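To start, the structure under review is shown below, and the notes come after it.
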Amino acid sequence: MLKLTNLYACYGAVDVLKDVSIEVNEGEFVAIVGPNGAGKTTLFKAISGLVTPSRGNVYFAEHNLLKVSPHQRAHLGIAHVPEGRQVFPSLTILENLALGASTASGQRDWNDNLEKIFSWFPVLKIRQHQRAGSLSGGEQQMLAIGRGIAASPRLLLLDEPSMGLSPLIADEISERLVEIHRSSKLSVLLVEQRVAEALHYANRGYVLETGRVVLSGSQASLQQDDRIRQVYLGM
Amino acid sequence: MDVVQYIENFLQSFAAGILTGVIYGLMCVGLTVIFGVMRVINFAQGEFMMLGMYFTYFMFSWLGGYPFFDGLYFPFVLALLAGPVLFGVGNLVHRGLLQKVTGQNASRLEGGGHYAQLVLTFGLALVLQNGGLWLFGSTLVSVPSELSYSAWEMGPLYQDRIIIFINQNQSIAALLALAVVLVFARYMARSRLGKSLRAAADNPEAAVYMGIDVSRAHRIAFGFGVGITAIGGGLLASNAPFQPYIGTDYVIIMYAGVVMGGLGSIRGAFLGGLSIGILQQVSASFLPNQLQNTMIFTCFLLTILLRPQGLFGLRERVA
């Protein structure tokens, strides 16, 4: 469904992504793990169009994404839950969710989606008329995820949903994500620094280091890889 | 002069201040929409106000003599019409010029595009001023209005010693300005487009992820901002004579109002403009005319000193 082939991207003279090829199939939960500065966020921005790759291709379903303007990509069915949440602070929670539902499919499924979002994250229902800026970090992350789901996307991009959250809240959000993936059958591409957790939830994974995919494989094969166990899992 | 007369003077100028202040408030709202959504400081805002004035003037001179168009209220209709017309002009200016140095294009430029934006809007102001001089001439003009010479009397109050005159022309203009502000604020708060403009203002990057065309949002915001200020210009066109350089006088007032009220919020901008109008008129009743602006800027500086977020400023942006 999503296919990146031999992707390069640079900021000025610095290559941030080097020959990255990644694929997400229909209904899969795929994790990209790696240390800070590996280029994970840049990779997501290349998919959403805020970074233009210098070489390579990005395909989504039958579309060549490099020929689709950034804001149109949301309408094709890609929902990007960005790093650092980036909710709209001066708008209420309900207004944030409604903006997520700007796509045609989001409009169509608005009532169903809202019910689902509120059942996954009840705190959003309680606070629906409050400004998003007044929420705690964990609640903002829930809102950011809810805003993504409100679009009725085919692919959900999640950029470090655990960033800056306490382990307890991060675990709660991870569990919700698994539940969301299971019940809605949408494809999920997750970027995480919490490697153990990410590999626990995902069907497949890629390891990105300094802009290159250094390792990829199924959940089981990555969890058993010696290097991963040593470097990321501390075993 | 005895005390009662002082009080009468004060009330008289206070009333006049509210009437002009509401129109300043309207113009400030226009400016703040552009700043709030686009983060662009538009130096040419006064010139768009001037275009609103000339639009009203020329349309009135052209049509005013004909039956059906010769009513007392026709200038007000024209002033309101200046809104959509200048909305279109603003749209084109954004498409042709501003778009190149704002939004996604800005990140590639030095200083996040702010230098280019300042030079561009300042240059635009100069071109519009001198273009106006060339096209409209330097003669002072104004839209004649018989209502300017009629007033409602309030009073007599206090043992028949106080009477306040409320200029009918200014009152209608102020009511219209207030209506435009209320309708616009409600539109921004409730409508789908308003919400997407506020989203683009809050976080342009996330707005793109929501499928919002941020460049289009900027174009609409610029059109709104320019159109709203032009309506303010149109409403002032029968108040006092003007020439193509009038924008420079007003752009300062607009900026003072917007900053005093609190940058980026519609409510703050309106109240800021209103305060400036009141200050200006009230100070005129006890200070020499030349010192009116001194009074405004003394209060402006005091506000900046004591309350940098503005008198009515929230910590977050609303527009």
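Quick note, the sequences are listed as chains A and B, same order. Sequential numbering of the first sequence, starting at 9, is according to my numbering. Sequential numbering of the second sequence, starting at 23, is according to my numbering. The C-beta atom is built at its ideal place from N, Cα and C for all residues, glycine as well. Being a predicted model, the structure only gives us computed values, none of them experimental.
- Per DSSP, the continuous alpha helix (DSSP H) segment holding Tyr209 (chain A) begins and ends at Val203 to Tyr209.
- Counted as a single uninterrupted DSSP element, the stretch harbouring Ser224 (chain A) is not any alpha helix (DSSP H) but the beta strand (DSSP E) occupying residues Arg220 to Ser226.
- Ile253 (chain B) and Val28 (chain A) have their C-alpha atoms some 54 Å from each other.
- DSSP places Ile40 (chain A) in the uninterrupted beta strand (DSSP E) bounded by Phe37 to Val41.
- A straight line joining the alpha-carbon of Phe334 (chain B) with that of Ile318 (chain B) spans about 17 Å.
- At a beta-carbon threshold of 9 Å, the residues of chain A lying near Ile234 (chain B) are His79, Ala82, Leu107 and Ser110, ordered along the chain.
- Interface annotation for the stretch 181–196 of chain B against chain A: empty, criterion Cβ-Cβ distance under 8 Å.
- Pairing Arg190 (chain A) with Ser174 (chain A), the inter-Cα distance amounts to about 24 Å.
- For Lys122 (chain B), none of the residues of chain A pass the 7 Å Cβ criterion, the least Cβ distance being about 17 Å.
- Taking a beta-carbon distance threshold of 8 Å, Val280 (chain B) does not count as an interface residue toward chain A.
- Sequence-distant partners of Phe52 (chain A) (beyond 5 residues in either direction) whose C-beta falls short of 7 Å from its own C-beta, in its chain, are His88, Leu165, Asp167 and Val199.
- Ser56 (chain A) has a beta carbon lying within less than 8 Å of a beta carbon in chain B.
- Here the stretch 98–106 of chain B lies against the stretch 188–203 of chain B, with 3 or more beta-carbon pairs under 8 Å apart.
- Ile56 (chain B) places its beta carbon 8 Å or farther from that of Leu258 (chain B).
- Annotation for His189 (chain A): the continuous alpha helix (DSSP H) segment containing it runs Pro175 to Ser192.
- Taking the Cα positions, Leu200 (chain B) is about 32 Å away from Val95 (chain A).
- With contacts defined as CB atoms closer than 8 Å, Gly57 (chain A) and Arg93 (chain A) fail to qualify as a contacting pair.
- Of all residues in the stretch 82–102 of chain A, only Ala82, His83, His88, Pro90, Gln94, Phe96, Pro97, Ser98 and Leu99 place a beta-carbon less than 7 Å from a beta-carbon of chain B.
- The beta-carbon of Arg220 (chain B) is placed less than 8 Å from the nearest beta-carbon of chain A.
- Secondary structure of Pro97 (chain B) (DSSP, three-state): helix.
- Pairing Ser307 (chain B) with Asn31 (chain B) gives a Cβ-Cβ distance under 8 Å.
- Its Cα nearest to that of His136 (chain B), the residue B:Val123 stands out among B:Gly74, B:Val123 and B:Leu301.
- Note on Asn152 (chain B): under 16 other CB atoms within 10 angstroms of its CB, so exposed under the neighbour-count rule.
- Here Asp235 (chain B) is not bridged, per DSSP, to any residue.
- Between Arg202 (chain A) and Ala228 (chain A), the CB-CB gap reaches or exceeds 8 Å.
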